[in-house]
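Protein chains in written order, with our numbering: chain A, 122 to 233; chain B, 30 to 142.
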């Protein structure tokens with residue numbers, strides 16, 4: 122069973138600090154990785170995707186991928202109360218179907 | 030439309046009735062997913078369609094659940110003889126290919142009374 126694992130949290134971070142969210146995946150052949158944000162009562166929305174080892178930055182968000190360690194992370198700089206949400210990590214299967222597999226999510230709370 | 034569209038937004042049904050949920054994916058997206066999300070829980074994979082391949086039904090929880098998709102267009106998720114534990118938000122997502130990012134619809138909130 123291919124899996125994506127995340128700490129469920131809650132992770133509490135003070136406003137203005139860096140929030141660090143982590144994820145591991147079991148399928149060594151996974152090629153594409155995604156971070157989604159889900160506010161309470163809303164659908165998940167894509168915030169970052171990464172395909173290559175290393176860092177990818179977009180505004181206050183940085184995704185980091187280490188395929189050797191099968192590890193993906195999301196850093197949120199200058200955390201704001203509006204960043205409080207559940208963050209879902211996802212990876213594609215290494216198969217002809219390449220289905221996206223989601224982790225169960227980490228709940229992030231930014232305290233003022 | 031610009032996004033994934035699901036209908037109805039809300040559905041209240043009596044225990045034992047059948048329900049049908051609809052998903053209109055983004056035009057041109059070959060991959061389509063159905064998920065179930067119970068209150069306060071994570072996404073529970075139900076079924077995956079990718080082009081003309083046989084669907085991955087490995088997440089369907091029982092034979093009361095079924096889904097169809099016509100080509101690369103609309104999908105319907107049918108739940109027969111609904112039970113109270115079927116109450117959840119049912120989310121549909123589509124992607125251009127299997128390995129690209131998926132976009133979610135707004136969900137159908139199903140309540141079984």
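Beta carbons: idealized from backbone N, C-alpha and C, even for Gly.
Item to complete: List the residues that DSSP assigns as beta-bridge partners of residue 118 of chain B.
Response: Numbered from its first residue, the second chain carries residue 118 of chain B at position 89. Its beta-bridge partners are B/66, B/138.
Worksheet item: Which residue from A/197, A/215, A/207 puts its Cα closest to that of residue 70 of chain B?
Response: Against the second chain, residue 70 of chain B aligns to sequence position 41. Nearest option by C-alpha distance: A/207.
Practice prompt. Keeping to the same chain, check which residues put their C-beta closer than 6 angstroms to that of residue 145 of chain A; ignore five residues upstream and five downstream.
Written response: Here residue 145 of chain A is taken as the residue at index 24 of the first chain, counted from 1. Answer for residue 145 of chain A: 126, 191, 192, listed in chain order.
Item to complete: Note down the Cα distance separating residue 72 of chain A from residue 126 of chain B, rounded to an integer number of angstroms.
Response: What is shown of chain A runs 122 to 233, which leaves residue 72 of chain A out entirely.
Discussion item. Alpha carbons only, please: which of A/139, A/183, A/154, A/124 is nearest the one belonging to residue 230 of chain A?
Written reply: The residue you call residue 230 of chain A lines up with position 109 of the first chain. Looking at the Cα atoms, A/139 is the closest of the given residues.
Item to complete: Report whether the distance from the Cβ of residue 38 of chain B to the nearest heavy atom of the ligand MG is below 6 angstroms.
Response: Because no ligand of any kind appears in the structure shown, any question about the ligand MG cannot be addressed here.
Discussion item. Please list, in chain order, the chain A residues whose beta carbon lies closer than 7 angstroms to that of residue 119 of chain B.
Written reply: Within the second chain, numbered from 1, the residue matching residue 119 of chain B stands at position 90. The CB of residue 119 of chain B never comes closer than 7 angstroms to any CB in chain A; the least such distance is about 11 angstroms.
Item to complete: Could you spell out the range, first to last residue, of the beta strand (DSSP E) harbouring residue 86 of chain B?
Response: Counted from its first residue, the second chain places residue 86 of chain B at position 57. Here residue 86 of chain B belongs to no beta strand (DSSP E), and DSSP marks it neither H nor E.
Fill in: Residue span of the beta strand (DSSP E) that contains residue 230 of chain A, given as start and end
Along the first chain, one-based indexing puts residue 230 of chain A at 109. Unbroken beta strand (DSSP E) run through residue 230 of chain A: 227–232.
Discussion item. In whole angstroms, give me the CA-to-CA distance for residue 174 of chain A and residue 47 of chain B.
Written reply: Here residue 174 of chain A is taken as the residue at index 53 of the first chain, counted from 1. Here residue 47 of chain B is taken as the residue at index 18 of the second chain, counted from 1. Between the C-alpha atoms of residue 174 of chain A and residue 47 of chain B there is a straight-line separation of about 47 angstroms.
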